[in-house]
Each structure stands twice: as C-alpha cells, then as structure tokens.
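Enquirer:
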DNA sequence: TTGAAAGCGTTACCAT
DNA sequence: ATGGTAACGCTTTCAA
C-alpha cells in the first residue's frame with residue numbers, strides 16, 4: 001500500500017494526500033475526510049524509508065553506549081530506559097549503538113549512513129574521540145556526561161566531583177579520619193572515563209581539605225571484586241572506618257566483605273557513594289548515597305537534543321546536576337566502637353548486617 | 001556525497017559503483033580499485049534510507065519491550081544488552097520500541113512504517129495481541145517467552161514451570177513443608193504475563209506432588225514491596241520456612257524483611273527462585289537460584305530472527321531452556337531451628353544475614 | 001484549494 | 001564487464 005494507491009482511491013493527487021496527512025498545507029474538509037476514510041480503511045501508513053529519503057529526516061535518535069563486556073550497570077540501563085521513553089513522547093524512535101570508540105562499525109553506520117537525526121552519547125571520556133568527531137562534523141548530539149572541555153557543547157551531566165566531595169564531607173562530619181575510595185574498574189579509569197576521574201578528583205580534594213588519611217582503589221563491576229576490594233582495604237589499613245564508592249555493582253560485595261571481616265555497617269564502618277536510588281534501597285542496610293537521577297538525566301538529554309534538532313542555530317545548552325545525599329542507614333559516627341585489630345576475621349563475632357530491630 | 005558523485009569521479013556508472021560496493025556482480029579489479037580509492041578518499045557511505053527504499057530492507061531489528069513504569073529489572077536489561085550485541089555481530093542495528101500492546105504508537109510505527117526487517121518481543125503474555133498481530137500479517141518475529149499456544153511460532157523461552165518446580169523440589173528435599181511463592185506484581189499476573197503464570201503453575205503442581213502447605217503472593221518490583229511481602233507471609237503463617245520467588249527486584253527486600261523478623265537465612269528460612277546469575281551473587285547470602293541465561297536467550301533470539309529473515313520459508317524453530325539451579329548460600333535444611341512464635345518481631349534477636357564466619 | 005512533476009539516493013533489471 | 005534507466009514511495013516546489 002502506497003500513497004499513490006490512496007490518492008487514486010480518494011480521487012485526488014498524491015500531493016494532496018501527503019498534505020492532508022502532514023497538515024503542511026490547508027486541505028478542504030471534504031477532501032480531507034475522503035482521504036482519511038480511505039487511509040483508515042486500508043490502514044495506510046507512509047513508509048519511513050521513503051519519507052526519510054524525501055525530507056532528510058529519520059525521526060530516529062541514536063543512543064550510543066559502550067559494549068557491555070560482561071553486563072550493564074543498573075545506572076546505564078536506567079539511562080537507556082529513560083531515553084527511550086522520553087524520545088517516545090516526541091514520537092522519536094531510538095536506535096541503539098554499542099560503540100565505545102569512533103571507529104566502531106555500528107557508530108559509523110549511525111552517522112555515515114545517516115540513520116538518525118541526532119545522537120545521545122553515554123559513558124563519556126575526558127578525551128572522547130566520538131564526541132570530537134561529532135563536534136567536528138557538526139552532527140547534532142548531546143552527551144550524558146561531559147569531556148574535559150565541555151564549553152560550547154550540549155550535555156547533561158552529574159557533578160561527580162561535587163557529589164563525591166559531599167560524601168567525603170558527610171563522613172568527615174561524622175568523625176571519620178581514615179577513608180577509602182572505591183572507584184570503577186582500573187580499565188575504565190585508564191581509558192579516561194569522566195565519572196571515574198572527576199569522582200576521584202573530588203575525593204582527593206575534599207579529603208585534603210579535611211585532612212583525612214585516604215587510600216584509593218579501583219574495583220571490578222561485580223560483587224566478587226567488591227568483596228576482594230574490602231579485603232585489600234582492611235589489609236592495607238585496618239583502621240579504615242569508612243569508604244566512598246562510585247561502583248554500584250560492587251556495593252553488594254563491599255557489604256559482604258565488611259560483614260565477613262566482622263565490621264558492622266554502620267556501627268563500625270560507614271559506606272556511602274553515588275548510585276541509583278532504587279538500588280540504594282535494595283541493599284541492607286540501605287545505602288546513604290547521592291541518588292543518581294538517571295530518569296531525569298535521560299529525559300533532559302532528549303529534551304536538549306530535540307531542541308537542538310528543532311532549532312539548528314540555538315546556542316549550546318547544558319544541565320549540571322548535583323542531587324543531594326539521601327541519608328539512609330549505611331553511615332554513622334566514627335569511633336562508636338574502636339576498630340578491631342587486624343587479626344584474621346574468623347574469630348570475631350558474626351555481623352548483623354546493620355539491622356536495628358530494637359527501637 | 002552520493003553514489004552519483006562517486007561514479008563521476010571514478011569515471012564509471014552508478015550501477016558499477018553499487019555493484020562494486022555490494023559485490024553482487026563481478027567487477028574488474030581495475031575499476032574496483034579505482035572506485036574504492038574514491039570511496040576512501042571521500043569517506044563515502046551509502047544512505048541507509050535510500051538503500052532501504054530501493055531494496056526493501058532496513059538492516060534494522062526491532063526490539064519491543066514493555067514501558068518501564070518505574071524502572072526495568074536486571075533481567076530485562078540484560079536481554080536488551082545481549083540482543084543489541086548479538087545483532088551487531090550480523091551488522092543489524094536495533095530499534096527500541098517501548099510497547100506493551102498492539103496499539104502503542106511506537107509499535108505501530110515499527111510495523112506500519114516498515115522501520116525494521118523483523119522484531120523481537122519481550123515480556124510475552126499468554127494471550128498477546130502483539131504476537132497475534134505479527135503472526136496474522138506474517139511479519140518476521142521471534143519472541144522471548146511464549147504464548148499459551150506457541151506451536152508453529154518462533155521463540156526462545158525459559159521453562160518457568162520446570163524451573164519453579166525444581167525450586168520447590170529442592171526445598172522439599174531439604175525438608176521444608178510450609179512454603180510461600182512470591183510472584184511478580186499482581187498487575188502483571190492479571191495482565192497474563194507468561195512467566196508469572198507458568199511459574200505459578202509449576203509452584204502449585206510441584207507443591208501438590210510433594211504434599212506441601214503453600215501460600216502464593218504477588219509482590220511489587222521493588223525492595224519495599226519485598227519487605228512488606230515477607231511480613232504478610234510470616235503473619236499469614238508464621239511456620240513458613242521457605243519461599244520461592246520470580247521477583248528479582250524484590251529479593252533485597254525479602255532478605256531485609258526476614259532479617260527484621262529475626263529469621264536467619266538459611267538457618268531458619270530458605271530462599272530460592274529464578275533470577276539473573278550476577279544478581280544472585282550480589283546479595284548476601286548469595287541466592288540459590290535458577291540463573292536466567294539472559295545473554296544466551298538474547299543471542300538465540302537474534303540467531304533465530306536472522307535465520308528467519310534469511311530463509312523466509314524456513315520452518316518455525318524454538319529453544320526452550322531449563323538452566324540448572326545454582327546451589328549457593330540461601331537454602332538449607334528445614335527445622336535446624338524451630339520457627340519462632342508468631343509474636344511481634346521487635347523482641348527477637350538481631351539477624352546475622354546468613355554469614356558464617358566460623359568454619 | 002488542488003495537481004503535476006522534479007527530486008531524494010539507492011538498487012536491480014535489461015541491454016550491450 | 002559495464003552502462004542506462006526504471007523503479008522504490010514519499011515530500012515539496014511550481015503552476016494553475
């Protein structure tokens with residue numbers, strides 16, 4: 001079924017059908033009704049390819065995210081979901097491209113074959129060749145996260161520096177003096193992922209301001225790595241009483257490692273960081289954390305991109321978000337109990353996972 | 001840059017350029033080289049829209065999944081990731097469509113506007129109008145999950161019935177006699193989601209076979225609901241010693257509820273179910289569960305769809321998977337400790353979250 | 001208010 | 001082995 005057939009059956013020209021459907025030119029009520037009737041009858045919908053070829057717009061947005069090696073973090077996936085739903089509001093479809101670098105085939109297709117009108121990029125690096133490329137060719141795009149020099153760009157981003165600083169200050173206010181930082185995997189840090197770098201910067205800066213004794217760690221995106229990381233932390237400095245983490249997927253393992261070492265959260269060890277809100281509420285004790293507003297970030301990114309597409313000459317805009325820390329149950333005053341000796345854990349009492357059943 | 005320009009610069013016709021690039025017709029080495037050189041020089045890539053219009057294929061697969069109300073479960077998101085990566089292997093892009101029903105705008109676009117060559121559907125209902133529609137119009141598609149009458153269809157699916165049966169038998173073998181079932185939200189059950197129904201069937205069947213005393217519950221997809229659900233379970237029958245769940249997102253809350261009620265997992269309460277493997281290892285104690293092979297299901301779905309696209313007359317194929325139960329740390333023999341009385345929880349000792357630090 | 005016709009950039013058939 | 005040319009199905013300019 002094509003527009004010519006509709007035109008014939010409605011007794012009008014193809015252009016009239018096109019205009020009746022798009023509303024880009026007035027059409028008399030009579031002919032419009034006639035056309036609409038035929039359209040409804042045959043359940044006609046114009047071909048996306050033909051339309052895209054004719055008017056140069058695909059009504060599709062690209063969402064570029066790194067390939068998942070193992071699997072995705074809750075945060076990344078929340079982004080994907082929120083972007084897709086926000087795009088649906090504007091009647092845009094979303095094409096997924098698992099591309100970590102400029103040269104990925106899928107990324108090349110997206111741009112080179114003009115499959116999308118604009119793109120949203122996730123997991124930005126401080127130096128990001130995908131971003132550079134898009135900027136160089138003037139392709140409409142918005143990043144979730146920002147590069148080392150975000151000036152003049154379109155982006156939405158979390159202020160990881162400020163967020164981690166807030167975490168450190170929160171712990172320092174509670175009296176913690178020896179604090180560890182659990183970052184994303186070393187591989188990502190080395191690759192220059194901005195959240196890992198800016199988070200680390202914030203940690204270092206705030207810790208210096210407060211005169212804390214600190215150590216920083218990279219940690220794989222899984223529970224086993226989290227557990228191993230805690231073991232290293234307590235081995236390196238048994239007097240450590242708190243940690244800050246950006247590593248959502250490791251939190252379960254961090255908790256387990258602490259419990260196995262006989263450290264009760266939050267009584268004798270505090271944990272905080274930057275993770276998705278619903279995830280923070282899943283673990284026990286619930287995590288005091290800066291809740292990543294993934295849904296809002298995704299929506300804002302789409303809003304920005306649509307604005308940019310509608311107004312090609314609009315000046316660059318961005319949103320830098322600094323969500324507050326949600327006080328939950330994983331942080332408490334330092335020194336309530338002196339940290340146990342560095343001896344093997346097996347001898348100490350079993351942890352109680354931070355539950356306080358007594359009022 | 002278009003194919004005409006390439007042809008002109010290479011001194012050949014457009015069709016020759018097309019054939020040189022697609023390899024669908026022999027081209028002399030000389031002209032091929034000449035063309036390739038111009039193509040490389042100008043970084044030419046054919047327009048996806050024009051190509052799709054001309055040859056009727058978009059090289060895009062649609063992935064249809066329900067809108068996320070609140071947010072997605074880890075399982076759903078693993079599917080999305082694995083489908084996208086599997087599709088990339090075949091040089092297919094993936095277009096996302098958040099559509100729960102046949103009439104969703106996004107779903108209509110996918111099909112009506114012929115944006116994709118084929119579709120993969122997630123979160124299938126026993127009676128699914130999207131599936132019916134696709135079958136009726138003969139649109140190439142594969143479902144992850146299967147309807148009440150999957151005969152003659154293309155699908156990959158988990159055998160939820162068998163999986164939950166296995167969980168029940170595992171618990172019965174351990175001596176549990178009073179077991180609860182924690183299903184997905186009631187709304188999904190009522191809507192007819194197949195995993196919820198088939199899982200429930202398996203539970204009921206196996207429990208009857210083993211002569212167990214059971215109760216079944218629906219539970220929201222979040223920690224708070226899980227916690228509330230456990231409270232109901234222990235109120236309804238304080239002698240309950242185990243539960244089976246399909247509700248991945250509730251597990252954290254289930255654990256918390258049990259701990260708050262003074263039930264130690266696995267010493268005096270066992271928990272098992274069907275969840276993603278990496279998630280099962282995140283919680284403490286690690287969950288004994290049938291690990292959902294999301295990545296494999298996604299890959300198999302893409303394989304099937306690509307096969308179907310390549311061979312339009314191939315007979316329907318499917319894969320029914322029954323992954324084994326991974327024994328972890330959340331189940332144990334019943335009756336090690338008699339269940340406490342039904343009194344209010346506050347008075348009982350604090351839980352230790354199932355950690356055994358002593359050898 | 002409507003129609004005719006020229007693109008949009010490919011592919012693929014029919015010639016040569 | 002290559003070229004010419006009609007599709008593919010729509011949008012949009014130009015005319016009336």
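Chains as they are written, first to last, in UniProt numbering: chain A, 1 to 359; chain B, 1 to 359.
Each residue gets a CB set at the ideal place from its N, CA and C atoms; glycine is no exception.
(1) Could you tell me the boundaries of the alpha helix (DSSP H) in which residue 133 of chain A lies?
(2) Starting from the Cα of residue 116 of chain A, find the closest Cα among A:157, A:59, A:72 and give me that residue.
(3) Could you check the C-alpha separation between residue 162 of chain B and residue 273 of chain B for me, to the nearest Å?
(4) Comparing the C-beta of residue 267 of chain B with each C-beta of chain A, is any distance below 7 angstroms?
(5) Which one or two residues does DSSP pair with residue 282 of chain B in a beta bridge?
(6) Between the stretch 73-82 of chain A and the stretch 274-283 of chain A, do three or more beta carbon pairs fall short of 8 angstroms?
(7) Find the nearest neighbour of residue 47 of chain A within the set B:57, B:195, B:320, judged by alpha-carbon distance.
(8) Which residues in chain A sit within 9 angstroms of residue 67 of chain B, going by Cβ to Cβ distance?
(9) So that I know if they touch, is there some Cβ in chain A lying closer than 7 angstroms to that of residue 112 of chain B?
(10) Determine, using beta carbons only, whether residue 115 of chain A comes closer than 7 angstroms to chain B.
(11) List the residues of chain A whose Cβ lies closer than 8 angstroms to the Cβ of residue 46 of chain B, in chain order.
(12) Nearest to residue 292 of chain A by CA position, among A:269, A:326, A:318, A:306, is which residue?
(13) For residue 298 of chain A, count neighbouring Cβ atoms within 10 angstroms of its own Cβ and tell me buried if that reaches 16, exposed if not.
(14) For residue 338 of chain B, count neighbouring Cβ atoms within 10 angstroms of its own Cβ and tell me buried if that reaches 16, exposed if not.
(15) Taking the straight line between their C-alpha atoms, what separation do you get for residue 315 of chain A and residue 250 of chain A?
(16) What does residue 105 of chain A reach in chain B if we use C-beta pairs closer than 8 angstroms?
(17) Can you tell me the Cβ-Cβ gap for residue 329 of chain A and residue 167 of chain A, rounded? I've got them flagged as a contact below 8 angstroms.
(18) Tell me, please, whether the stretch 136-148 of chain A touches the stretch 209-216 of chain A by the rule of three or more beta-carbon pairs shorter than 8 angstroms.
(19) For residue 120 of chain A, which residues does DSSP report across the bridge?
(20) Of the residues B:306, B:113, B:176, B:255, which one's Cα is nearest the Cα of residue 50 of chain A?
(21) Determine the chain B residues that contact residue 121 of chain A at a beta-carbon separation under 9 angstroms, and present them in chain order.
(22) What's the C-alpha gap between residue 15 of chain B and residue 44 of chain B?
(23) What residues from chain A crowd round residue 283 of chain B, counting only those whose CB sits closer than 7 angstroms?
(24) Per DSSP, what kind of secondary structure is residue 44 of chain B in: helix, strand or coil?
(25) So, using beta-carbon positions, are residue 160 of chain B and residue 195 of chain B closer together than 7 angstroms?
(26) Within the same chain, show all residues whose beta-carbon is closer than 8 angstroms to that of residue 307 of chain B, passing over the 5 residues directly before and after it, in chain order.
(27) Do the CB positions of residue 179 of chain B and residue 242 of chain B come within less than 7 angstroms of each other?
(28) Can you list, in chain order, the residues of the stretch 306-323 of chain A whose Cβ is nearer than 9 angstroms to any Cβ on chain B?
(29) Residue 157 of chain B bridges to which residues according to DSSP?
(30) Below 7 angstroms CB to CB, which residues in the same chain sit around residue 349 of chain B once its five sequence neighbours on both sides are set aside?
(31) Per DSSP, residue 214 of chain B is paired with what?
(32) Using a Cβ-Cβ distance under 7 angstroms, would residue 142 of chain B count as near chain A?
(33) Measuring only from the beta carbon, is residue 86 of chain B closer than 6 angstroms to any heavy atom that is part of the ligand PLP?
(34) Residue 286 of chain B: which of B:309, B:302, B:252 sits nearest, CA to CA?
(35) Mind listing the chain A neighbours of residue 98 of chain B? Cutoff is C-beta to C-beta under 7 angstroms, in chain order.
(36) Would you identify the three-state DSSP class for residue 125 of chain A, choosing helix, strand or coil?
Expert: Let's see:
(1) Translated into the one-based positions of the first chain, residue 133 of chain A becomes position 133. It spans 129-137 - the alpha helix (DSSP H) in which residue 133 of chain A sits, taken as one unbroken run.
(2) Translated into the one-based positions of the first chain, residue 116 of chain A becomes position 116. The candidate whose alpha carbon is nearest that of residue 116 of chain A is A:59.
(3) As a position in the second chain, residue 162 of chain B is number 162, starting the count at 1. As a position in the second chain, residue 273 of chain B is number 273, starting the count at 1. Approximately 12 angstroms between the Cα atoms of the pair.
(4) The residue you call residue 267 of chain B lines up with position 267 of the second chain. Output row for residue 267 of chain B: interface = no.
(5) Walking along the second chain from the start, residue 282 of chain B turns up at place 282. DSSP output for residue 282 of chain B lists no bridge partner at all.
(6) yes
(7) As a working note, residue 47 of chain A is residue 47 in the first chain. Among B:57, B:195, B:320, the Cα nearest to that of residue 47 of chain A belongs to B:57.
(8) On the second chain, residue 67 of chain B is found 67 positions in, with the first residue counted as 1. Under the 9 angstroms cutoff, chain A gives 81, 84, 85, 88.
(9) Residue 112 of chain B sits at position 112 when you count from the first residue of the second chain. Chain A contact via Cβ: present.
(10) For the purposes of this step, residue 115 of chain A is taken as the residue at position 115 of the first chain. Yes, residue 115 of chain A counts as interfacial toward chain B.
(11) Here residue 46 of chain B is taken as the residue at index 46 of the second chain, counted from 1. Those within 8 angstroms of residue 46 of chain B in chain A are 113.
(12) Here residue 292 of chain A is taken as the residue at index 292 of the first chain, counted from 1. Among A:269, A:326, A:318, A:306, the Cα nearest to that of residue 292 of chain A is on A:326.
(13) Sequence index remark: in the first chain, residue 298 of chain A carries index 298 (1-based). With 16 or more Cβ atoms within 10 Å of its Cβ, residue 298 of chain A is classed as buried.
(14) In the second chain, counting from the first residue as 1, residue 338 of chain B sits at position 338. Since pLDDT at residue 338 of chain B reaches only 48, below the 50 mark, its modelled position is unreliable, and no value is offered.
(15) If you number the first chain from 1, residue 315 of chain A lands on position 315. If you number the first chain from 1, residue 250 of chain A lands on position 250. Going by the C-alpha atoms only, they are around 40 angstroms apart.
(16) Residue mapping note: residue 105 of chain A aligns to position 105 of the first chain, counting from 1. Those within 8 angstroms of residue 105 of chain A in chain B are 88, 91.
(17) The residue labelled residue 329 of chain A in the question sits at position 329 within the first chain. The residue labelled residue 167 of chain A in the question sits at position 167 within the first chain. Incorrect: roughly 15 angstroms between the Cβ atoms, too far for contact.
(18) no
(19) Here residue 120 of chain A refers to the residue found at position 120 of the first chain. In DSSP, residue 120 of chain A forms a bridge with A:63, A:142.
(20) Reading the first chain from its first residue, position 50 is the one you call residue 50 of chain A. Answer by Cα proximity: B:113.
(21) Stepping through the first chain from its first residue, residue 121 of chain A is reached at position 121. Chain B residues near residue 121 of chain A: none, gap ~15 angstroms exceeds 9 angstroms.
(22) Taking the second chain and counting its residues from 1, the one referred to as residue 15 of chain B is at position 15. Taking the second chain and counting its residues from 1, the one referred to as residue 44 of chain B is at position 44. If you take the alpha carbons of residue 15 of chain B and residue 44 of chain B, they lie about 15 angstroms apart.
(23) Residue numbering aside, residue 283 of chain B sits at position 283 when the second chain is read from its first letter. What residue 283 of chain B touches in chain A: 252.
(24) Taking the second chain and counting its residues from 1, one reaches residue 44 of chain B at position 44. Note: residue 44 of chain B maps to coil in three-state DSSP.
(25) In the second chain, residue 160 of chain B corresponds to position 160, counting from 1. In the second chain, residue 195 of chain B corresponds to position 195, counting from 1. The answer is yes: Cβ separation under 7 angstroms.
(26) Taking the first residue of the second chain as position 1, residue 307 of chain B is located at position 307. Excluding sequence neighbours, residue 307 of chain B sits near 314, 317.
(27) Residue mapping note: residue 179 of chain B aligns to position 179 of the second chain, counting from 1. Residue mapping note: residue 242 of chain B aligns to position 242 of the second chain, counting from 1. Contact flag set, yes.
(28) none
(29) Within the second chain, residue 157 of chain B is the residue found at index 157, counting from 1. In the DSSP output, where bridge partners are listed per residue, residue 157 of chain B has B:320.
(30) Here residue 349 of chain B refers to the residue found at position 349 of the second chain. Note on residue 349 of chain B: pLDDT 36, under 50, position unreliable in the model; no value is reported.
(31) Sequence index remark: in the second chain, residue 214 of chain B carries index 214 (1-based). Answer is B:179.
(32) The residue given as residue 142 of chain B occupies position 142 in the second chain. No, its Cβ sits nowhere closer than 7 angstroms to a Cβ of chain A.
(33) Here there are no bound small molecules, and the ligand PLP is not part of this structure.
(34) As a working mapping, residue 286 of chain B is identified with position 286 in the second chain. The candidate whose alpha carbon is nearest that of residue 286 of chain B is B:252.
(35) On the second chain, residue 98 of chain B is found 98 positions in, with the first residue counted as 1. What residue 98 of chain B touches in chain A: 84, 85, 88.
(36) Here residue 125 of chain A refers to the residue found at position 125 of the first chain. Strand at residue 125 of chain A.
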